[in-house]
Amino acid sequence: MRNMELIFATGNAGKLREVQQICDLLGPKYGVSLKVLPMPEKADIPETGVTYRENSLQKAEYVWNRWHKPCIADDSGMEVDALDGGPGIYTARYCCRDFAKGIGKLLKELDALGADTPEKRRGSFVCCLTLISDGLVRHFEGRCPGTISESPRGDAGFGFDPVFIADAAPDRCMAELEDNRKNSISHRGLAMEGLFRFLAGEGRYLMD
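Quick note on our numbering: the sequence shown kicks off at 38 and runs consecutively.
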């Protein structure tokens, strides 16, 4: 099994933990043991793009230019049909990084719009993951479609997981799922699977 390490360009401990869980889940499947490392020091990473890919690339480039080590970064968000695809790339800012308040705000907005059926509460989690290593740049994307629930359920995961019901697991909110179940169907899990597929075939780019 190939052993690799990548710096993960994030200050979000929940994301770091989740991505390592995904690595542990996918590693045996693709023969790649991948360890994600926190940034060597705290950094104020810029995020000024207008797409997930632009933000993901910007964050990965920041880490690569500063530490010159193989790295990954992701940008993700929730797109709600009734909000014309919002909050999208502005998901974290939508709730001022307080997701409990953000969940309340989202549910109130949907109620105000009269979104009282599952069909009117459709949305998706979206993730773009960027890998940079020695001049090599690759992007991997994942999309998890589903429905916004009428009230929060569950206490696992983070972000908007308590109010998102994935089509691939329609009986529970994401925050009610076991880690491996969630990570196998989530937007981030799907993007990471693209990375693992690439590493399984082109792992020589990152091996010592």
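Don't be surprised by glycine CBs; every beta carbon is placed ideally from N, CA and C.
Based on Cα-Cα distance, which residue from A149, A152, F197 and G64 lies nearest to S113?
Residue numbering aside, residue 113 sits at position 76 when the sequence shown is read from its first letter. Closest option to S113, Cα to Cα, is F197.
Measuring alpha carbon to alpha carbon, tell me which residue in T154, K219, G64 and G123 is nearest K142.
As a working note, residue 142 is residue 105 in the sequence shown. When each option's Cα is compared against that of K142, the closest is G123.
Quick check on the DSSP output: the beta strand (DSSP E) that includes F136 runs from which residue to which?
Within the sequence shown, residue 136 is the residue found at index 99, counting from 1. It is not in any beta strand (DSSP E) - F136 instead sits in the alpha helix (DSSP H) that spans F136 to A149.
Determine contact between the stretch 221–230 and the stretch 161–169, defined as no fewer than three beta-carbon pairs at a distance below 8 Å.
Contact between the stretch 221–230 and the stretch 161–169 is present, because at least three Cβ pairs lie under 8 Å.
In this structure, does DSSP put K72 in helix, strand or coil?
For the purposes of this step, residue 72 is taken as residue 35 along the sequence shown, with counting starting at 1. K72 falls in the strand class under three-state DSSP.
Could you tell me the alpha carbon to alpha carbon distance between G48 and I202, rounded to whole angstroms?
Within the sequence shown, residue 48 is the residue found at index 11, counting from 1. Within the sequence shown, residue 202 is the residue found at index 165, counting from 1. Their Cα atoms are separated by approximately 26 Å.
By DSSP, does D171 sit in helix, in strand, or in coil?
The residue you call residue 171 lines up with position 134 of the sequence shown. Of the three classes helix, strand and coil, the one that applies to D171 here is coil, per DSSP.
Any idea what DSSP makes of P199, helix, strand or coil?
Your numbering for residue 199 matches position 162 in the sequence shown. Three-state DSSP puts P199 in a helix.
Per DSSP, which residues does I109 bridge with? Please list them.
The count along the sequence shown starts at 1 and reaches residue 109 at position 72. Paired residues: F45 and L168.
From K72 to A149, what does the alpha carbon distance come to, in whole angstroms?
Here residue 72 is taken as the residue at index 35 of the sequence shown, counted from 1. Here residue 149 is taken as the residue at index 112 of the sequence shown, counted from 1. The alpha-carbon atoms of K72 and A149 are separated by roughly 44 Å.
With a threshold of 8 Å, are at least 3 pairs of Cβ atoms found where one atom belongs to the stretch 217–224 and the other to the stretch 178–195?
The answer is yes - the stretch 178–195 touches the stretch 217–224, with three or more Cβ pairs under 8 Å.
Per DSSP, what kind of secondary structure is S161 in: helix, strand or coil?
Counting from one through the sequence shown, the residue named residue 161 turns up at place 124. Here S161 sits in strand by DSSP.
With distance defined between alpha-carbon atoms, name the residue in G238, M211 and F233 nearest to I59.
One-based indexing of the sequence shown puts residue 59 at position 22. Among G238, M211 and F233, the Cα nearest to that of I59 belongs to F233.
Buried or exposed for P107, please, with buried defined as at least 16 other CB atoms from any protein chain shown within 10 angstroms of its CB.
Along the sequence shown, one-based indexing puts residue 107 at 70. P107 is buried by the Cβ-count criterion.
Residues in the same chain with beta-carbon distance under 6 Å from K52, minus the five sequence neighbours each way, listed in chain order, please.
Along the sequence shown, read from residue 1 onward, the residue named residue 52 stands at position 15. There are no such residues.
According to DSSP, simplified to helix, strand and coil, what is I185?
On the sequence shown, position 148 is the one that residue 185 refers to. Reduced to three states, the DSSP call for I185 is strand.
Ignore the nearest five residues each way along the sequence and tell me which others in A206's own chain have a CB closer than 7 Å to its CB.
For this step, residue 206 is matched to residue 169 along the sequence shown. Answer for A206: L214, R218 and I222, listed in chain order.
CB F162 to CB C181, shorter than 7 Å?
Position 125 of the sequence shown, counting from 1, holds the residue named residue 162. Position 144 of the sequence shown, counting from 1, holds the residue named residue 181. Result yes, Cβ atoms of F162 and C181 sit closer than 7 Å.
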